[in-house]
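Residue numbers for the sequence shown follow numbering that gives the first Met the number 0, beginning at 0 and rising by one.
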Amino acid sequence: MNLVIFGPPGAGKGTQSKFIVNKFNLHQLSTGELLRKEIINKTKLGSEISSIMNSGKLVSDKIASDLIEEFISNDNYKNRLIFDGYPRNKIQAINLNNLLKKYNQKINLVLKLSVSIDTIKKRIIGRSICSICGKIYNEFFNPAPLNTDCCSARFLQKRSDDTLEISISRYETYEKNIKPVIDFYKETKLLKVVNGEMPISEITDEISGLITGIKGWL
Ligand code: AMP
């Protein structure tokens with residue numbers, strides 16, 4: 000099964016995707032993470048996209064599409080993908096359907112995490128990521144444990160686009176583009192809205208129930 004998880008930046012897509020990956024043996028395909036890696040590795044693509052990403056705008060649909068096709072076409076990930084951060088607009092939603100069709104696959108579930116702008120600001124400002132294991136923490140809601148080797152303060156990193164100014168711009172970009180995507184998935188009856196304001200474990204339980212409720216794949 001393949002699923003899409005979307006919601007504004009800071010909604011908890013990454014945190015919840017990591018949980019789904021572990022519990023259901025799926026693969027998280029985060030376009031944002033793949034793009035950040037290009038910048039960190041100083042690739043040609045990385046230098047082209049860094050100013051766009053740091054302004055909170057979207058990279059081109061072609062760049063994002065090429066990234067996801069690499070995974071959709073790979074048999075190791077067949078019917079095991081969580082799309083985190085893709086699609087971001089209606090063109091991408093249609094493109095995702097076409098690519099999945101091309102490789103004999105489909106989307107089984109679309110999860111939308113809804114969260115208010117006030118919560119998002121706090122989540123983004125407080126967010127840090129362990130550079131060793133990739134776990135995501137938040138100094139207000141979910142601080143990293145003390146006295147651990149892996150997730151100690153020296154390994155916690157902030158994303159360069161996690162500033163208040165850029166986060167508001169990313170939220171506005173999301174809001175501007177996402178309505179047609181929501182309508183698109185409402186029509187296909189695949190969309191489930193999850194209250195992203197709940198505590199992490201409650202969101203996790205709800206998502207888990209929705210996934211196990213999908214007939215014929217477990
Ligand atoms: P995210 O990690 O999902 O918050 O994405 C971080 C940034 O990566 C976004 O603000 C965009 O600049 C870029 N990005 C991620 N996914 C896409 C996408 N599907 N299409 C275009 N740009 C994207």
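Beta carbons are placed, not taken as given, at the ideal position from N, Cα and C, and that holds for glycine. Note that the structure is a prediction, hence the values are computed from the model and not measured.
C-alpha gap between residue 189 and residue 146, whole angstroms: 43 Å
Proximity test, residue 182 beta-carbon vs ligand 1 heavy atom, cut-off 7 Å: no
Spatially closest choice to residue 105 from 94, 40, 87, 112, by CA coordinates: 94
For residue 17, the nearest candidate out of 41, 163, 132, 44 (CA to CA): 132
Neighbourhood of residue 60 by C-beta distance below 8 Å, restricted to the same chain and skipping five residues each side: 88, 90, 91, 94
CA nearest to the CA of residue 157, picked from 175, 136, 173: 136
Three-pair Cβ contact test at 8 Å for the stretch 168-182 versus the stretch 70-77: no
Contact set for residue 113: own chain, Cβ-Cβ below 7 Å, skip 5 residues either direction: 6, 192, 194, 195
Residue 96 - DSSP class collapsed to helix/strand/coil: helix
Collapsed DSSP secondary structure at residue 90 in the structure displayed: helix
Coil, strand or helix - residue 24 by DSSP: coil
Selection from 45, 0, 14, 8 that minimises the alpha carbon distance to residue 24: 0
Inter-residue CB distance, residue 120 and residue 166 (contact presumed, cutoff 8 Å): 6 Å
Heavy atom of ligand 1 within 7 Å of residue 272 beta-carbon: Outside the displayed range of the chain (0 to 217) lies residue 272, so it cannot be described from this structure.
Check: residue 161 C-beta below 7 Å from any heavy atom of ligand 1: no
Check: residue 56 C-beta below 7 Å from any heavy atom of ligand 1: yes
Helix, strand or coil at residue 76 according to DSSP, with G and I counted as helix: helix
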